[in-house]
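Take a look at the structure below.
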Amino acid sequence: MTTNHGEGNRRTPGVDPGHLTVFDTTLRDGEQSPGISLDAAEKLEIAEQLARVGVDYIEAGFPVASQGDFEAVQSIARSVGNQPDAPAICGLSRTHMADVDRCWEALRDSAQARIHVFISTSPQHMEHMLKMTQAQVISETRSGVSRAREHTDDVEFSPQDATRTPLDFMLEVLSAAVDAGATTLNIPDTVGYGIPWDFGALIQHIRRQVPGDYILSTHCHNDLGLATANTLAGVQAGARQVEVCVNGLGERAGNAALEEVVMALRIRPDQFPGVTTTVHTEELARASRLVARLTGYPVQYNKAVVGRNAFAHESGIHQHGVLADRSTYEIIDAASVGQVGRQIVLGKHSGRHAFADTLAKMGIHAQGDALNAAFARFKELADRKVEITEADVEAIVAEELGQDLVEGFQLESLEVSGGTVGMPRARVVLSRTGDKLEAAAEGNGMIDAACSAIRQATRVQSKLIGFNVSSVTGGVDALGDVVVQLEADELKVSGRGVSTDVVEASARAYLAAVNRLVRIRARNERREVEIGP
Ligand code: KIV
Ligand code: ZN
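All residue numbers for the sequence shown refer to the working numbering, where the first residue is 1 and numbers rise by one.
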């Protein structure tokens, strides 16, 4: 078996006691949010942005869950995992030998790789899911962690549902994991049951009672809205790794939000003396937008740090104060988290080369058909919109790069008519692998008519279960940003579309969701293994 990555690993326990390891699990726990299904290319795009953010670890997936998960982890390990100053890439695994080996198979080409082994330890999980005794769980812990250590010297262990696990038993399991070679002990508050002072006390207790050379980690879910608070309490009590997701995504109510935890540490160093991260905070807003766009989960307006209202001031007194000095009502500088609409110097006369160059400066690398399609959309936008911001360019480029340009349906044209008199109608022309597909339909409104026409042209049946419109930036000519969620055969998918015209944005979003449905069906990529509640 291969062993890797001992030397030069800045994440080795004890090297820098103040360094807080930021472990991002957007692509694993975040992807388990209901209705999110990212394909390998989208996961790679998010992983590249996480590398720009400067997280220490990217948990890229659960390789044994499906072939799609395996391939996505492998492709991230091979590309992002080998960039200079890259984050280490992690994969999740149950304790079974076959799972651990499969996980390593996906990770092995990364310059630094970690296997994250977990098993449930609470009575609820052991009785109803695992059907194992305490002795069996301890033995599984030993064998799973030892197997992982045969592959790599960077092994994390998690006792799932730790906060509902009897303390003595958890200490026994954790000690067994350390004996078997775990270098990080992660304490998951799987069902979001923790309360900050209680969770902090738990972390402190584990630190004192479990001997060995390991890093303690937090993994807090947000069922009571306390995920960030619990995570910070864990850090205060000595945890030196935080598991977080962009925009607080994750199972049910989500996980602790990357941007909230990092900014709390940045703004209040007095509360966390000597604790530092390597996060480039100016990349946080962009990570948030990218994840929102690709997952189809919009960011709530009043979300801390990355919400559109996080730096907006409505009342006269507040506006007066902020105009005099921003510090009157703002504790975070918007620019420090990338929350300012950077104006880009491209216009309708800009050429393809200048466009590609600008994208490269934004860290987006597009080539060939994808670049051509994105450039065509940019030209269309430049004709309709006076000021183009980085957020606008990101939105159209992400939409185009998210399409499967070879096999997906493409929108060639859309014509709609409607108003207060007469039946709204739409006519669409689509193309797919060189074929033209046309259909016309009526509907309750122009958007409904456009979606019906697309349904007829593609012959893909599904139920519309979600529809959300927002704007990318402010102003009357702002891009409308539409997210559509569809359901078919128990599969839920989302699609996103942007345009200065909301009907067109809706049609694009609907088509993007249809394309995703077709792709997932083609790969028949359903999860074969579940992680738990
Ligand atoms: O919430 C949880 O318990 C998890 C584990 C797999 C770490 O996500
Ligand atoms: Zn979790």
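We put the beta carbon where it would ideally sit given N, CA and C, even for glycine.
Rounded separation between residue i and residue j - CA only
| i | j | result |
| --- | --- | --- |
| L359 | P166 | 52 angstroms |
| A513 | K463 | 11 angstroms |
| R352 | E42 | 24 angstroms |
| G144 | M132 | 15 angstroms |
| V469 | C220 | 30 angstroms |
| G212 | P34 | 38 angstroms |
| T328 | I267 | 15 angstroms |
| F311 | S336 | 12 angstroms |
| V210 | G338 | 41 angstroms |
| L294 | L38 | 7 angstroms |
| T183 | Q367 | 41 angstroms |
| Q204 | D69 | 35 angstroms |
| A65 | V178 | 26 angstroms |
| T95 | G234 | 26 angstroms |
| D404 | Y214 | Because D404 carries a pLDDT of 47, less than 50, the predicted location of this residue cannot be relied on, and the following value inherits that uncertainty. Using only the alpha carbons, I get a separation of about 44 angstroms. |
| Q124 | L437 | 53 angstroms |
| E487 | G495 | 12 angstroms |
| S79 | A457 | 38 angstroms |
| L517 | V493 | 6 angstroms |
| L346 | A354 | 8 angstroms |
| E390 | A285 | 12 angstroms |
| M1 | A304 | Because M1 carries a pLDDT of 37, less than 50, the predicted location of this residue cannot be relied on, and the following value inherits that uncertainty. So the alpha carbons of these two residues sit roughly 45 angstroms apart. |
6 angstroms CB neighbourhood of residue i in its chain, flanking five on each side removed
| i | result |
| --- | --- |
| A88 | Y57, Q112 and R114 |
| G254 | N222 and G248 |
| R308 | Y301 |
| L130 | S120 |
| S417 | R425 |
| H116 | C90, L92 and E156 |
| S413 | V429 |
| E415 | R427 |
Residue i - partner residues in DSSP beta bridges
| i | result |
| --- | --- |
| Y214 | Paired residue(s): none; Y214 is not in a bridge. |
| R276 | Going by the sequence as given, residue 276 is Thr instead of Arg. DSSP, once it has assigned bridges, lists H19 as partnering T276. |
| K379 | Partner(s): none; K379 has no beta bridge. |
| E487 | K463 and K492 |
| F157 | V117 and L185 |
| A88 | Y57 |
| S413 | V429 |
| D481 | S470 and V498 |
| D24 | I58 and V244 |
Reduced DSSP category for residue i - H, G, I as helix; E, B as strand; rest coil
| i | result |
| --- | --- |
| E438 | strand |
| V406 | Because V406 carries a pLDDT of 44, less than 50, the predicted location of this residue cannot be relied on, and no value is offered for it. |
| N255 | strand |
| Q241 | strand |
| G368 | helix |
| E59 | strand |
| S66 | coil |
| I388 | coil |
| V469 | strand |
| S37 | coil |
7 angstroms CB neighbourhood of residue i in its chain, flanking five on each side removed
| i | result |
| --- | --- |
| F169 | T121 and Q134 |
| V406 | Note that V406 has pLDDT 44, beneath the 50 cutoff, so the model's placement of it is unreliable and no number is given. |
| A239 | I203, L216, S217 and T218 |
| V173 | T121, V137, I138, T141 and P159 |
| K348 | K379, A382 and D383 |
heavy atom of the ligand HEM below 6 angstroms from residue i C-beta
| i | result |
| --- | --- |
| P196 | Looking at this structure, you won't find the ligand HEM anywhere; what it does contain is the ligand KIV and the ligand ZN. |
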